[in-house]
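In order, the protein sequences belong to chains A and B.
Add 403 to a position in the first sequence, counting from 1, and you land on the number used in this note's numbering.
Add 609 to a position in the second sequence, counting from 1, and you land on the number used in this note's numbering.
Every residue gets a Cβ at the ideal spot worked out from N, C-alpha and C, and that includes glycine.
In this text, all values refer to a predicted model and were calculated from it rather than measured experimentally.
What follows is a single structure, written as C-alpha cells, with notes after it.
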Amino acid sequence: MQHTAREKVLWSIGILVVLFYALIPVVWITSLSLKTPTEVGDRKFFSGFSFDNYDVIFADDTFLAALINSIGIAAIATLISIVLAAMAAYATSRLDFAGKTLILSGALAVAMFPPISIVGSLFDMWRAIGLYDTWAGLIIPYMTFTLPLAIYTLSAFFREIPWELEQAAQVDGATPFQAFRKIIVPLAAPGVFTAAILVFIFAWNDFIFANTLTSTDNARTVPAALAFFTGASQFEQPIGAISAAAVVVTIPIIIMVLIFQRRIVAGLTAGAVKG
Amino acid sequence: MEAATRTAPPGAPPRQRTTDRAKAERKLAWTLCAPAVIAMLVVTGYPIGYAVYLSLQKFDLRFPDDKEFVGLSNYVDVLTSSTWWSDVLTTLIITVCSVSIELVLGMAIALVMHRAIFGRGPVRAAILIPYGIVTVVSAFAWKYAFDPTSGFVAGLPLISDTAQPLNTKAGSLLVIILAEVWKTTPFMALLLLAGLSLVPDELHEAAKVDGASTRQRFFRITLPLMRPAILVALLFRTLDAFRIFDNIYIIQPGGALGTESVSILGYNVLINRVNLGLGSAISILIFICVILIAVFFVKALGTSTAQQRGEV
C-alpha cells in the first residue's frame, strides 16, 4: 500500500502521543528519585542527578526484605499456579470429556472474584492457624487470581499446538502421559513461559492481600512496604526514597515487557477473545 | 462450544460408545483438572463461605467474647447506612467515568495501531508499560505529580501555581480516575485491537466501492462486528474498576474527602475497625454487586452473539 506524506506525518504524531502518554508518570517518578530534598519541590524534570535516595533504600532492611518477599512470593505463586493450570489446560484443550466448559467458565467466574470479599475471612483464619504474616499466607490467596489467569491463557495457547505430533507418538506406542510429557511439554514451553510472565506480573502487583495479611518484614511485599514507608518524621512521606523504591520495582517489569512484548500481547488477548 | 468440536481428536470414536480408550481419556482429563479445580474451590469457596458465616454474627475483634448470631442485622445496618450508599455512588462514578474514557481512548489507540504504517513495535512496547507497572507505583507517580509540593502539574502553563486538586473531592476523584485510566487503557486497547483484526477487510472494501465514508464504515461495519469484543473488554474492565482499591488507598489514604469506594469501606471496617461481622456483610454485598454486573454483561454478550449468528 502507498502512503501519502500526510499519512506518515499523522502516524508519527500518533506514535509520539502514545509514547508521551505511556512514559510521563514513569519519567516523573524517575526524575523525583534523582532529586535531593531541596530540589523535590522545584517542579522541573531532571533538575538533579543524585543517587542518594537509592543509597538510602538499599541500606534499608525493610525495603530489602520486602524486595525478597515480593520476588519469592510471586515466583512461588507463579510456579504452583502454572503447574496446576498447565495440567488443567491440557485436559480442556486436548481431551474429550464432559465438564470442560464448566471448568473454563468456572475459572472465568473465579477471575472476577473481588479480593475484598475474602480479606476478612482470611484475616481471621490466618491469625487462628498461624498463617498471618507468612509467605504461605499470601501465596494461597494469590491462587484466586493467578490460577484462573493461567488456565485461560494456557488453554488458548494449547489450542494452537499441532496435536498430530502427539498422536504420532501414541501410534508409536507412547501412553497418553508420555505423549504429554515428551511431546507436548516442549511444544507448549513458549506459551507456558508467557503465561508465567503474566501471572508473575499480577502477583507482583497485588496490594490488597499484601496490605491486609502481613504486618512485618516477615512477608510484607514491596507494594505494601511502599504504602507504609515512613521517613525521619512519621507524618511526612519520604518522597525521594519512595520514588527510588518505585523505580527499582518498575525496572524489571519494563525490561520484561520490552523483551517479551509480542508474547505478552498474544497472551493477554488470546484468553479473552477466543475463550 | 466451538472449542469442543475443534479439539476433538480426528477419528475419535462416537460419544455414545464408551470405549476403554474414551474412558481412560476421561479419567486422565479429570485427574489433570482435579488439582486446579480443587485449589480454586478451596481458596475462594471456603473463605467466601466463612465470610457469609461471619456476616451473620456480631463479631468485633475488640470484644471477641461478645460474639453471637444476629441473623441479617449486619446487612440491615449496612443497607440503611448513608455511608454505604454514598460509597456505592462514588464507586459507580469512578467505574463509569474511567471505563467510558478507557473505551474511547482504547479504541483510538487500537485504530491507530491497526493502521500502523511503521513503528508498531515501539508503540506496543510503550502501551504495555502502564499495564506492567505496579498500581501502587503509578498511584504514587500521579499523586506526586499533582501534589504542589512535589509535582510538575501546578507549574504548567494555564494551571494556577497554587492549584491543589488533592485538597478537594472533585479534584481527588479526577486524579484517581486519571490514574485508573492511565493504567488500564492499554489492556482495553489490546483487547479491542484483537477484536478489530477479526473484522474482514473485504467488508470494508465492498462498502468503499458502494461509496460509504470512513465514518459510516466505522459505525456501520466495524462497531457492530466488534460488539462481542467490546462487551468482553467492558466486562473485564467494569468488574475491575468496581473493585478499585489501590489507587484510592495511595492517592487519598483511607478514602478521605469522600473518595471512599466500597472496597475501601470494606477494608476500613474489616481491618482498621476489626469489626469482622459488619465488614463481612459489606464484603458479601460487594460480591453480590460483582455477580449482578457480570450477569448483566454475560446476558448482553449472549444476545449479541446470538444476533450475529442469526444475521451473518
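Ordered along the chain, which non-local residues of its own chain (more than five positions away) have a Cβ less than 7 angstroms from that of residue i?
i      : result
A/S450 : K438, E442
A/V595 : I485, A489, L557
A/L487 : L550
A/S646 : I432, L435, S436, N456
A/F605 : F548, T549, L552
On the DSSP bridge assignment, give the partners of residue i in chain order.
i      : result
B/E811 : Note: B/E811 sits in no beta bridge, so no partner.
Does DSSP put residue i in a helix, in a strand, or in coil?
i      : result
B/E677 : strand
A/D455 : helix
A/Q573 : helix
A/K438 : coil
B/K667 : strand
B/N884 : strand
B/V743 : coil
A/R562 : coil
B/G725 : According to the sequence as given, residue 725 of chain B is Ala; it is not Gly. The answer is coil: DSSP assigns B/A725 none of H, G, I, E or B.
B/S769 : coil
A/N614 : helix
A/A648 : helix
A/N472 : helix
A/G444 : helix
B/R829 : helix
B/F906 : helix
B/G760 : coil
A/L487 : helix
B/A612 : For B/A612, the predicted model reports a pLDDT of 42, less than 50, meaning its position is unreliable; a value from the coordinates is still stated below. Reduced to three states, the DSSP call for B/A612 is helix.
A/S450 : coil
A/A622 : coil
A/T556 : helix
A/F500 : coil
B/A865 : coil
A/P544 : helix
A/A635 : At A/A635 the pLDDT is 49, less than 50, meaning the model places this residue with poor confidence; the figure from the coordinates comes in the next sentence. If DSSP states are grouped into helix, strand and coil, A/A635 belongs with coil.
A/P641 : coil
B/D696 : helix
B/G820 : coil
Using a threshold of 7 angstroms, is the CB atom of residue i nearer than that to any non-hydrogen atom of the ligand ADP?
i      : result
A/G576 : Here there are no bound small molecules, and the ligand ADP is not part of this structure.
Please list, in chain order, the chain A residues whose beta carbon lies closer than 7 angstroms to that of residue i.
i      : result
B/S747 : P428
B/F896 : P517, S520
B/A909 : By Cβ distance, chain A contributes nothing, its closest Cβ being about 15 angstroms from B/A909, past 7 angstroms.
B/I736 : V421, A425
B/Y684 : None at all; the shortest Cβ gap to chain A is about 14 angstroms.
B/G888 : G523
B/W733 : Trp is not the amino acid found at residue 733 of chain B; the sequence shown has Arg there. Those are Q664, V668, listed as they occur along chain A.
B/I718 : V421
Going along the chain, which residues of its own chain have a beta-carbon closer than 8 angstroms to the beta-carbon of residue i, five neighbours each way excluded?
i      : result
B/A903 : L844, L848
A/R446 : none
B/T868 : T699, K778, S781, L782, I785, I857, I860, Q861
A/A572 : Q581, A582, K585, I586
List the residues of chain B whose Cβ lies closer than 9 angstroms to the Cβ of residue i, in chain order.
i      : result
A/E410 : R724, I726
A/T547 : M649, V652, T653, P656
If I follow the unbroken alpha helix (DSSP H) through residue i, where does it start and stop?
i      : result
B/V871 : 871–876
A/G509 : 503–514
B/Q825 : 823–826
B/G780 : 778–805
B/D686 : 682–688
B/R852 : B/R852 -> no alpha helix (DSSP H), and no H or E assigned at all.
A/T597 : 588–608
B/A645 : 629–649
B/V652 : Run containing B/V652: none; DSSP gives neither H nor E here.
A/D527 : 519–532
A/P579 : 579–582
Name, please, each residue of chain B whose Cβ falls closer than 8 angstroms to the Cβ of residue i.
i      : result
A/D536 : Chain B residues near A/D536: none, gap ~13 angstroms exceeds 8 angstroms.
A/L611 : The residue asked about is misnamed: residue 611 of chain A is Ile in this sequence, not Leu. Residues of chain B passing the Cβ test: F854, D855, S872, Y876.
A/F448 : F761
Residues in the same chain with beta-carbon distance under 6 angstroms from residue i, minus the five sequence neighbours each way, listed in chain order, please.
i      : result
B/A719 : A798, L801, L802, L805
B/S872 : R852, F854
B/E677 : K667
A/Y535 : W529
A/V522 : T615
Mind pulling the chain A residues with CB within less than 8 angstroms of residue i?
i      : result
B/I860 : Simply none; closest approach about 11 angstroms.
B/E634 : L498, D499, F500, P579
B/A903 : A512, M515
Residues of chain B with CB under 7 angstroms from residue i, in chain order?
i      : result
A/T465 : Under the 7 angstroms cutoff, chain B gives no residues; its nearest Cβ is about 15 angstroms from A/T465.
A/N608 : V743, T744
Just to make sure I have the definition right: I need the residues of chain A whose C-beta is within less than 9 angstroms of the C-beta of residue i. Which are they?
i      : result
B/S892 : P517, I519, S520, I521, V522, G523, S524
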